[in-house]
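*Asks:* I am attaching a structure below and will ask some questions about it afterwards.
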Amino acid sequence: MASEKVFKNSKRWEDLGDGVARQIMGWDNQIMMVKVKFEKGAVGAEHSHFHTQTTYCVSGKFEFTMDGEKVIVEPGDGLYIEPNMLHGALCLEPGILIDVFSPVREDFL
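Rendered as structure tokens:
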């Protein structure tokens, strides 16, 4: 199944605990867009996956770790995360990230 249209209030937020929530914005078999909301101090634990990922910072301030290297990400900044790269994030100021994955993250559905 694919999602074709998204309105900000038409999709439910999934509480992931510890100050993180996500909203699946749209997907098909090849691509998925996810909005992720963080409270200050919330952590996106370091992990890796076979998906290609891009991340765009809508609001807030984050410290990303990518393959052991730290980078500060603020509104308007974006990242490319190659498949199988170890990465994670610490939220320094409450904010929202938009993650895009290819192929779809079936584990999120």
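With positions in the sequence shown counted from 1, the corresponding number in my numbering is that position plus 83. Cβ coordinates follow ideal geometry from the N, Cα and C atoms, glycine included. The structure presented is a predicted model; accordingly, all values stated were derived computationally and were not measured.
(1) Would you kindly work out how many angstroms separate the C-alpha atoms of P150 and K94, rounded to a whole number?
(2) Provide the residue(s) that pair with L192 in DSSP beta bridges, ordered along the chain.
(3) From what residue to what residue does the beta strand (DSSP E) around I181 run?
(4) Determine the direct distance from the alpha carbon of F191 to that of V126, and round the result to whole angstroms.
(5) Can you give me the C-alpha to C-alpha distance between F145 and L169, rounded to a whole angstrom?
(6) Starting from G109, trace the beta strand (DSSP E) in both directions and tell me its first and last residue.
(7) Helix, strand or coil: how does DSSP classify K120 here?
(8) Please state if the CB of F121 and the CB of G193 are separated by a distance shorter than 7 Å.
(9) By the DSSP assignment, the beta strand (DSSP E) with A125 in it spans what residues?
*Replies:* Considering the structure as presented:
(1) Against the sequence shown, residue 150 aligns to sequence position 67. Against the sequence shown, residue 94 aligns to sequence position 11. Rather than Pro, the amino acid found at residue 150 in this sequence is Asp. Computed Cα separation, rounded: 33 Å.
(2) If you number the sequence shown from 1, residue 192 lands on position 109. According to DSSP, which records beta bridges pairwise, L192 is partnered with nothing at all.
(3) Taking the sequence shown and counting its residues from 1, one reaches residue 181 at position 98. Per DSSP, the unbroken beta strand (DSSP E) holding I181 starts and ends at 170-185.
(4) Walking along the sequence shown from the start, residue 126 turns up at place 43. Walking along the sequence shown from the start, residue 191 turns up at place 108. Just so you know, the alpha carbons of V126 and F191 end up roughly 18 Å apart.
(5) By 1-based counting over the sequence shown, the position of residue 145 is 62. By 1-based counting over the sequence shown, the position of residue 169 is 86. Straight-line measurement puts the Cα of L169 at about 16 Å from the Cα of F145.
(6) Taking the sequence shown and counting its residues from 1, the one referred to as residue 109 is at position 26. G109 -> beta strand (DSSP E) spans 103-110.
(7) Walking along the sequence shown from the start, residue 120 turns up at place 37. K120 falls in the strand class under three-state DSSP.
(8) Any question about residue 193 goes unanswered here, given that the chain covers just 84 to 192.
(9) Along the sequence shown, read from residue 1 onward, the residue named residue 125 stands at position 42. Per DSSP, A125 lies in no beta strand (DSSP E) segment and is marked neither H nor E.
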